[in-house]
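Residue numbers (my numbering), protein chains in the order written: chain D, 1 to 97; chain F, 98 to 278; chain C, 279 to 472. In this text, a Cβ means the ideal position worked out from N, Cα and C, and glycines have one as well. Predicted model, so just to flag it, every value in this text is computed and none were measured.
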Amino acid sequence: MSESLDSLVLGLPGVVNLFSTEPAIARSARELVSGERALVEVTGPADAAPERIVASVGVDANAQAPVTAAGVAAAIRATLPPDASTEIVVRISRLTV
Amino acid sequence: MTDLSLASDAILAERSADGDSLAFSVLVRRHGPYLRAFATRLTGSSADADDVVQEALIVAWAQLENLDNPSKVRSWLTSIVSRKATDRIRARKPSSELDDSRAELAERGPEQRAIAASQLDALNAVLAALPEGQRQCWVLKEVGGYSYEEIAERLDTTVAVVRGRLARARATVVTEMELWR
Amino acid sequence: MTTDTTNDDDIGGSGYTLEQLSDYLDSGRTPAIEAIDDNAECQAVLASLERYGSLSRELVSRDATDNPALDEGWLSGLFASITREVKAGRDIPLTSSDPLTRLTITEGAIRGLIRSAGDSVNGVLVGRCSITGDDDVTVAVSISVLLGTPVHLAAEAVRQAVYTALLKHTELTVSSVDVTVDDVHVIANGGDRS
């Protein structure tokens, strides 16, 4: 699921980069174990709606960052069932001029 | 935007401390060659020097905000390189130190010294032929400017050993350079 | 351990060995030792040692000038290892209408924004920037200006650019933007290497 979230987020207007949400060392260890190479972090059971989804993004400075962030969150929310209580965190980590 | 390669070390260090990786890359290109040259002289190996300088720069990126005087970036970077280089030296298989020379270089030494066109080339040959431990102490003292205590700590030995190695290195250098004249 | 078995341990009849001269040199020749200071051969040896020290420093500089190119593969390896998260700083909140959604912008992103804003002013290069406070913040920016640039105008332009950028991309209330000119740079043939 995470890998498709990666491409979803990267395809959104104003999104320039997608960054890892975890320190490099933790990420390498996790990838080694799970084989999963996604940047958007999804926490929670595989068979139900996730507890939390975190995306760390780099955005274009042409659009207002808060607007772009809200757009990313909305797009991710749209992939979940309407009654899901998943927490979504969108973190702007860089603004590209 | 003004070309970053025109910026002073201080500005580049400050931007890097704040997360500007482009500014950091300018610092790397500016000081990299010197750091590699220093690391090669110290470790005696250009392959080791490549690794050492890369490790040092990765550490430097994370610790730039701790640099009190941003204009002193080169000497700060050099001190990190020294530490990484001596870490690597300590991790090598211990060799019986004494005055065992690297026979090959010691044999070629006088010949290279004799044909050296300049005093700099002659000194180059003499230093290259020094036993490892003596050369390390020489480079740390004369090029790095560290004290006996600092050198002893980095090489995991005593001040007495450092003093002895430096004295022997100096005796060799003085004698050999006199022969060159 | 081998010992020096040369007959001339004593330099120039001073009563001092090379190892002792070596110590004396490194102690900055203090406290002064008359027997060494008054001895011609000792002085010659000390002068030689100092010269070889400075030649050694020159050797390393020469090595660097002779090898100015850094291997591009080595450089890419280095930059791949430079990680962003060490510079992220704290999360600054952005408003979200959905209670289950949290939107933030990192301090690192804001610093980058301030830098770009300042850099966009002609003749200005931003150095350090800091943001202090939580909702109500003070921004401090230090800049380098191109020699000849009117300093007050440049500082004011930076202040305006920073205010505008923060207004656009954050929800922070900026109580002040303090700009200090710390440095000067020049456009020269070789570039400023100070």
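Short CB-CB distance (under 8 Å) between residue i and chain D
i, result
"ASP369 (chain C)", "yes"
"ILE392 (chain C)", "no"
"ILE421 (chain C)", "no"
"ALA435 (chain C)", "no"
"LEU372 (chain C)", "yes"
"ILE383 (chain C)", "yes"
Rounded straight-line distance, which links the Cα of residue j to that of residue i
i, j, result
"ARG199 (chain F)", "GLU229 (chain F)", "Residue placement at ARG199 (chain F) is flagged as unreliable, the pLDDT there being 49, under the threshold of 50; the coordinate-derived value follows with that caveat. About 8 Å."
"VAL270 (chain F)", "ALA257 (chain F)", "20 Å"
"ALA443 (chain C)", "SER93 (chain D)", "16 Å"
"LEU224 (chain F)", "ASN345 (chain C)", "19 Å"
"ALA268 (chain F)", "ARG127 (chain F)", "35 Å"
"LEU403 (chain C)", "LEU18 (chain D)", "28 Å"
"LEU431 (chain C)", "THR384 (chain C)", "30 Å"
"LEU217 (chain F)", "LEU337 (chain C)", "7 Å"
"LEU101 (chain F)", "VAL123 (chain F)", "7 Å"
"VAL455 (chain C)", "VAL97 (chain D)", "20 Å"
"VAL399 (chain C)", "LEU10 (chain D)", "31 Å"
"LEU263 (chain F)", "GLU247 (chain F)", "14 Å"
"GLN438 (chain C)", "GLY426 (chain C)", "21 Å"
"ASP341 (chain C)", "TYR131 (chain F)", "7 Å"
"ASP310 (chain C)", "GLY293 (chain C)", "According to the sequence as given, residue 310 (chain C) is Ala; it is not Asp. Approximately 15 Å, taken between the alpha carbons."
"ASP397 (chain C)", "PRO81 (chain D)", "45 Å"
"THR343 (chain C)", "LEU445 (chain C)", "47 Å"
"ASP414 (chain C)", "VAL452 (chain C)", "6 Å"
Interface partners of residue i on chain C, CB under 8 Å
i, result
"GLU87 (chain D)", "LEU378, THR379 and ARG380"
"ASN221 (chain F)", "LEU337"
Cross-chain neighbours of residue i in chain C, by beta carbon under 7 Å
i, result
"GLN216 (chain F)", "LEU333"
"VAL97 (chain D)", "SER394"
"ALA69 (chain D)", "LEU372 and LEU381"
"GLU229 (chain F)", "Neighbours of GLU229 (chain F) on chain C: none; closest Cβ ~16 Å, over 7 Å."
Contact with chain F by residue i, beta-carbon distance below 8 Å
i, result
"VAL338 (chain C)", "yes"
"VAL323 (chain C)", "yes"
"VAL404 (chain C)", "yes"
"ALA432 (chain C)", "no"
"ASP341 (chain C)", "yes"
"SER326 (chain C)", "yes"
"TYR294 (chain C)", "no"
"ALA456 (chain C)", "Going by the sequence as given, residue 456 (chain C) is Asp instead of Ala. With 8 Å as the cut-off, ASP456 (chain C) does not count as an interface residue toward chain F."
Contact list for residue i against chain D, beta-carbon separation under 9 Å
i, result
"GLY386 (chain C)", "SER93 and ARG94"
Within chain F, partners of residue i - CB distance below 8 Å
i, result
"LEU444 (chain C)", "What LEU444 (chain C) touches in chain F: nothing, since even the nearest Cβ is about 16 Å away."
"PRO346 (chain C)", "PRO130"
"SER300 (chain C)", "ARG260, LEU263, ALA264 and ARG267"
"SER398 (chain C)", "MET98"
Chain C contact for residue i (CB, 8 Å cutoff)
i, result
"GLU246 (chain F)", "no"
"VAL256 (chain F)", "no"
"ASP6 (chain D)", "no"
"PRO66 (chain D)", "yes"
"VAL9 (chain D)", "no"
"ARG199 (chain F)", "Because ARG199 (chain F) sits at a pLDDT of 49, beneath the cut-off of 50, its placement in the model cannot be relied upon, and the following sentence gives the value as read from the coordinates. No, its Cβ sits nowhere closer than 8 Å to a Cβ of chain C."
"THR99 (chain F)", "yes"
"SER193 (chain F)", "Because SER193 (chain F) carries a pLDDT of 49, less than 50, the predicted location of this residue cannot be relied on, and no value is offered for it."
"ALA75 (chain D)", "no"
"ALA90 (chain D)", "Ala is not the amino acid found at residue 90 (chain D); the sequence shown has Val there. Yes - at least one Cβ of chain C is within 8 Å of the one on VAL90 (chain D)."
"PRO225 (chain F)", "It should be pointed out that residue 225 (chain F) corresponds to Ala in this sequence rather than to Pro. It does not: the Cβ of ALA225 (chain F) has no partner Cβ on chain C nearer than 8 Å."
"ARG304 (chain F)", "No statement about residue 304 (chain F) is possible, as the shown extent of chain F runs from 98 to 278 and does not include it."
"LEU103 (chain F)", "yes"
"ARG189 (chain F)", "no"
"GLY141 (chain F)", "no"
Other residues of its chain near residue i: CB distance less than 8 Å, five sequence neighbours each side excluded
i, result
"GLY44 (chain D)", "PRO50, GLU51, ARG52 and THR86"
"THR373 (chain C)", "LEU381 and GLU449"
"LEU303 (chain C)", "LEU324, LEU327 and GLU328"
"ALA61 (chain D)", "LEU95, THR96 and VAL97"
Residue i CB to nearest heavy atom of the ligand NAD below 7 Å
i, result
"ARG307 (chain C)", "In terms of ligand content, the structure shown is empty, and the ligand NAD therefore cannot be addressed."
Close-in-space but distant-in-sequence residues of the same chain around residue i (CB under 6 Å, 5 per side omitted)
i, result
"ALA249 (chain F)", "THR255, VAL256 and VAL259"
"THR410 (chain C)", "THR416"
"THR68 (chain D)", "GLY14 and VAL59"
"ARG171 (chain F)", "HIS128"
"ALA114 (chain F)", "LEU161 and GLU162"
"LYS365 (chain C)", "GLY386"
Beta-carbon proximity list for residue i, same chain, < 7 Å, skipping 5 on both sides
i, result
"ALA146 (chain F)", "ARG133, ALA136, THR137 and THR140"
"SER7 (chain D)", "none"
"VAL178 (chain F)", "LEU132, PHE135, ALA136, VAL149, VAL150 and ALA153"
Chain D contact residues for residue i, given Cβ-Cβ distances below 7 Å
i, result
"ALA366 (chain C)", "SER93"
Partners in chain C for residue i, counting only beta-carbon separations shorter than 9 Å
i, result
"VAL16 (chain D)", "Result: empty, since nearest Cβ-Cβ is about 12 Å, beyond 9 Å."
"GLU61 (chain D)", "Checking the sequence shown, residue 61 (chain D) turns out to be Ala, not Glu. Ordered by position in chain C, the residues that pass the 9 Å Cβ test against ALA61 (chain D) are LEU391, SER394, ALA443, LYS446 and HIS447."
Proximal residues of chain F, C-beta to C-beta of residue i below 7 Å
i, result
"THR359 (chain C)", "The sequence shown places Ser at residue 359 (chain C), not Thr. Simply ILE155."
Unbroken stretches of the alpha helix (DSSP H), 4 residues or longer, contained in the region 318–363 of chain C: 318–344 and 350–359
Every unbroken alpha helix (DSSP H) inside the region 64–97 of chain D [4 residues or more]: 65–77
Whole runs of the alpha helix (DSSP H) within the region 373–424 of chain C, excluding any shorter than 4 residues: 385–397
Runs of 3 residues minimum, wholly inside the region 431–470 of chain C: which ones carry the beta strand (DSSP E) assignment? 451–463
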